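Order-wise, the sequence lines are chains A and B.
Using this note's numbering, you'd call the opening residue of the first sequence number 4 and step up by one each time.
Using this note's numbering, you'd call the opening residue of the second sequence number 4 and step up by one each time.
2 protein chains.
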Amino acid sequence: MKERIVVGVDLGGTFIKFGMFQTSGKLLKKWQVPTDNSGPEATLAQIASEVVKSCQAEGYQQDRIEGVGIGVPGSVDRHGMLISAPNLGWSMLDVRQEMKKHLDLPVAIANDANVAALGEQYFGAGEGCDSMVMITLGTGVGGGVIINQRLVAGAFGGAGEIGHLVMNDAETVPCTCGNRGCLEQYASATGIARVARTLLEEKMAANGGKQVSGLQAYDTITAKEVFDEVKAGDELAMEVAEQFGRTLGKALSYVASVVDPEMFVIGGGVSAAGEVLLHYMEKYYSSYAFAPSKHTPIRLARLGNDAGIYGAARLILLQ
Amino acid sequence: MKERIVVGVDLGGTFIKFGMFQTSGKLLKKWQVPTDNSGPEATLAQIASEVVKSCQAEGYQQDRIEGVGIGVPGSVDRHGMLISAPNLGWSMLDVRQEMKKHLDLPVAIANDANVAALGEQYFGAGEGCDSMVMITLGTGVGGGVIINQRLVAGAFGGAGEIGHLVMNDAETVPCTCGNRGCLEQYASATGIARVARTLLEEKMAANGGKQVSGLQAYDTITAKEVFDEVKAGDELAMEVAEQFGRTLGKALSYVASVVDPEMFVIGGGVSAAGEVLLHYMEKYYSSYAFAPSKHTPIRLARLGNDAGIYGAARLILLQ
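Here's what the structure looks like:
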């Protein structure tokens with residue numbers, strides 16, 4: 004029997020990433036193209052044409068492709084309907100139906116953070132786990148919940164949206180979602196930088212503008228600088244890291260009380276800070292978590308930006 | 004082919020409840036016996052003997068029994084191992100293995116709150132739902148999470164333990180689990196009564212012992228009296244109900260951000276107060292919940308004390 008392949012697609016607002024995989028999960032080739040942003044029709048036609056063209060170039064005709072999995076930056080309900088994808092400007096779209104116009108192949112879609120979780124569970128840090136929750140710390144905070152090796156999409160596409168757990172009723176600054184005090188406001192790259200800037204301004208004001216932290220040396224403070232300064236022993240940066248760890252650790256304890264996964268995996272740009280992140284999360288997590296889940300391992304993601312294409316391929320392999 | 008039956012068992016510290024069901028899920032007979040508390044061996048032998056004896060009395064020999072499902076008051080891990088059951092004084096017990104000594108039949112076990120959820124999802128308020136989360140408001144607060152019609156037990160037996168979400172870092176009174184500020188301290192029957200008594204004492208002290216609430220008329224305040232007074236328009240009781248609704252509604256918003264179920268079902272003794280409970284929960288739930296899950300229905304349980312035997316039977320039907 005001729006070898007069959009699957010294609011995993013990670014659809015972003017700027018780039019579309021593609022991965023061509025053997026059905027065993029072995030990555031054969033990966034590539035990316037700038038997203039054609041002129042509307043859903045054009046973007047989906049672009050995906051279909053890229054898949055066919057690149058597979059043919061590798062010697063795989065359409066009948067050798069098992070299917071195409073797509074991770075989309077938006078909520079997908081339990082029927083596979085894309086509810087909304089704000090970054091693409093799309094809403095209420097039956098992506099699988101639309102793709103049929105361009106490609107006569109099985110298509111599966113899911114939310115991109117969920118798909119990344121599936122990639123990590125099968126091919127990355129969560130390899131061998133039946134259940135896993137991945138938290139993606141990027142511009143926002145996303146998440147993906149895997150139970151019995153399958154994604155939990157949620158009845159209304161809201162599963163794994165842990166960035167919007169309301170963690171602080173006293174917050175005065177609104178979150179992008181309209182609520183106040185969401186986890187994302189403290190644990191995303193943007194949130195960590197915001198907390199650091201606010202604290203720095205407070206401390207500088209209280210000290211008449213004198214040197215209070217190594218963070219003052221930077222023109223722009225990002226999460227990277229905060230954790231670099233934590234590693235250098237800067238007290239203010241460590242205070243920011245404590246707040247990050249307390250808020251995220253507590254949120255993970257909530258997740259554990261609902262689904263009690265075998266493992267947590269931390270990904271996204273912020274996770275580049277490394278093991279130091281885990282230190283701050285673990286101590287708060289274990290103090291808040293209920294007895295059975297107190298020692299759930301928290302690990303760093305391993306697939307980086309490839310988690311999306313791996314997970315999207317896995318969507319097809321699971322069908 | 005001769006009709007086959009399944010037996011659902013709800014093992015409690017005081018009584019063991021049994022239900023004999025057709026494989027269609029139709030209840031043929033239910034009964035209960037006082038629990039033989041002289042140790043796991045004796046209790047399990049008692050269950051086996053009741054099953055065989057009662058089935059025979061109804062004309063069903065052992066070869067007509069499809070299996071026995073048991074809900075146990077403790078944590079059960081993903082391998083079916085009972086980790087601990089404090090009310091029975093049991094720990095680390097392979098119940099299925101032990102039952103084999105007494106009964107040559109398939110046996111399935113799960114945590115009792117989880118099993119009750121399964122009963123409601125299949126035969127009660129959640130009929131027709133693929134996913135559902137049930138919250139049991141009794142002496143404590145228990146929960147059960149159903150995804151794709153199956154129970155989520157959790158990797159370490161901690162799934163659905165939402166009674167121990169830490170909701171209030173400022174709490175000074177410890178919870179039975181050792182933490183402070185757990186949901187259970189505000190939303191269980193015990194918790195509601197405690198909040199009411201504390202508030203009543205405060206208001207009475209501030210008013211020189213004068214009449215401040217209809218709750219003063221009772222020798223003992225329980226959750227029932229609180230909600231009776233809410234229905235009568237008592238202001239203090241309504242304040243207690245607001246705190247109940249705010250804490251539980253917020254906790255449900257956390258659950259929705261993790262698994263986004265089709266429905267929430269509220270059971271346990273406190274749920275006897277009826278629709279008034281839902282009113283207080285819904286408004287806070289929808290204000291805290293993230294967009295996709297804002298309108299998830301919250302319903303009252305329908306099976307009452309029978310949820311356990313129905314769900315235990317369902318454990319076998321799912322195998």
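Idealized CB from N, CA, C, for every residue including glycine.
All figures in this text were calculated on a predicted structure; none of them were measured in a lab.
Listed by chain order, chain B residues near residue i by CB distance under 8 Å
| i | result |
| --- | --- |
| residue 271 of chain A | Per Cβ cutoff of 8 Å: no residues; residue 271 of chain A is ~17 Å from chain B at best. |
| residue 253 of chain A | 169 |
| residue 148 of chain A | 261 and 262 |
| residue 138 of chain A | Result: empty, since nearest Cβ-Cβ is about 11 Å, beyond 8 Å. |
DSSP beta-bridge partners of residue i
| i | result |
| --- | --- |
| residue 33 of chain B | B:22 |
| residue 88 of chain B | B:93 |
| residue 321 of chain A | Note: residue 321 of chain A sits in no beta bridge, so no partner. |
| residue 78 of chain A | A:87 |
| residue 305 of chain B | Beta-bridge pairing links residue 305 of chain B to no other residue. |
| residue 135 of chain B | B:149 |
| residue 13 of chain A | A:20 and A:74 |
| residue 183 of chain A | A:177 |
| residue 68 of chain B | B:8 |
| residue 169 of chain A | A:185 |
Contacts that residue i makes with chain A (C-beta to C-beta distance below 7 Å)
| i | result |
| --- | --- |
| residue 168 of chain B | 257 and 260 |
| residue 161 of chain B | 259, 260, 263, 293, 295 and 296 |
Own chain residues within Cβ distance below 8 Å of residue i, not counting five before or after
| i | result |
| --- | --- |
| residue 110 of chain B | 70, 71, 72, 73, 98, 99, 102 and 103 |
| residue 95 of chain B | 84, 85, 86 and 87 |
| residue 303 of chain A | 128, 268, 269, 270, 274, 277, 278, 280 and 281 |
| residue 80 of chain B | 86, 156, 157, 158, 159 and 160 |
Residues near residue i in its chain [Cβ-Cβ closer than 7 Å; skip 5 each side]
| i | result |
| --- | --- |
| residue 246 of chain A | 189 and 198 |
| residue 132 of chain A | 124, 265 and 266 |
| residue 161 of chain B | 78 |
| residue 1 of chain A | This structure gives no information on residue 1 of chain A, because the portion of chain A shown stretches from 4 to 322. |
| residue 288 of chain B | 252, 255, 256 and 301 |
DSSP state of residue i mapped onto helix, strand, coil
| i | result |
| --- | --- |
| residue 177 of chain A | strand |
| residue 276 of chain B | helix |
| residue 215 of chain A | coil |
| residue 230 of chain B | helix |
| residue 2 of chain B | Residue 2 of chain B is absent from the model: chain B starts at 4 and stops at 322. |
| residue 197 of chain B | helix |
| residue 270 of chain A | strand |
| residue 111 of chain B | strand |
| residue 203 of chain A | helix |
| residue 154 of chain A | strand |
| residue 140 of chain B | strand |
| residue 46 of chain A | helix |
| residue 106 of chain B | coil |
| residue 298 of chain A | coil |
| residue 238 of chain A | helix |
| residue 287 of chain A | helix |
| residue 210 of chain A | coil |
| residue 128 of chain B | coil |
Interface residues of chain B facing residue i [CB-CB closer than 7 Å]
| i | result |
| --- | --- |
| residue 109 of chain A | Those do not exist, as residue 109 of chain A stays about 20 Å from chain B at its closest Cβ, beyond 7 Å. |
| residue 289 of chain A | None at all; the shortest Cβ gap to chain B is about 11 Å. |
| residue 265 of chain A | 158 |
| residue 276 of chain A | Neighbours of residue 276 of chain A on chain B: none; closest Cβ ~24 Å, over 7 Å. |
| residue 155 of chain A | 150 and 262 |
| residue 94 of chain A | Those do not exist, as residue 94 of chain A stays about 12 Å from chain B at its closest Cβ, beyond 7 Å. |
| residue 113 of chain A | Result: empty, since nearest Cβ-Cβ is about 13 Å, beyond 7 Å. |
| residue 301 of chain A | Here the premise fails: no neighbours, minimum Cβ distance about 13 Å. |
Proximal residues of chain B, C-beta to C-beta of residue i below 9 Å
| i | result |
| --- | --- |
| residue 83 of chain A | The premise fails here: residue 83 of chain A is roughly 14 Å from chain B at the closest Cβ pair, so nothing lies under 9 Å. |
| residue 75 of chain A | Those within 9 Å of residue 75 of chain A in chain B number zero; the least Cβ separation is about 14 Å. |
| residue 164 of chain A | 259, 260, 261, 263, 293, 294, 295 and 296 |
The ligand ADP heavy atom lying under 8 Å from the CB of residue i
| i | result |
| --- | --- |
| residue 249 of chain B | Absence of the ligand ADP from the depicted structure is noted, as is the absence of any ligand whatsoever, leaving it without description. |
Own chain, CB closer than 6 Å to residue i, minus 5 neighbours either side, in chain order
| i | result |
| --- | --- |
| residue 163 of chain B | 117, 146, 147 and 148 |
| residue 138 of chain B | 146 and 269 |
| residue 150 of chain A | 134 |
| residue 10 of chain B | 23, 54 and 71 |
| residue 314 of chain A | 118, 119, 121 and 122 |
| residue 263 of chain A | 296 |
| residue 237 of chain A | 216 and 217 |
| residue 180 of chain B | 167 |
Within chain A, the residues that residue i reaches when beta carbons sit closer than 8 Å
| i | result |
| --- | --- |
| residue 177 of chain B | Correct list: empty, because the minimum Cβ distance to chain A is about 13 Å. |
9 Å Cβ cut-off: residues of chain A touching residue i
| i | result |
| --- | --- |
| residue 78 of chain B | 294 and 295 |
Inspect the CB distances between the stretch 47-64 of chain A and the stretch 25-34 of chain A and report whether three or more fall short of 8 Å. yes
Closer than 8 Å is the cut-off here; do at least three beta carbon pairs connect the stretch 277-295 of chain B with the stretch 164-178 of chain B? no
Do the stretch 243-262 of chain B and the stretch 137-153 of chain B meet, that is, are 3 or more Cβ pairs less than 8 Å apart? yes
Contact between the stretch 199-207 of chain A and the stretch 218-230 of chain A: three or more CB pairs below 8 Å? yes
How do the stretch 234-251 of chain B and the stretch 275-288 of chain B stand: do at least 3 beta-carbon pairs fall below 8 Å, yes or no? yes
Are at least three pairs of beta-carbons, each pair with one atom in the stretch 13-21 of chain B and one in the stretch 297-312 of chain A, less than 8 Å apart? no
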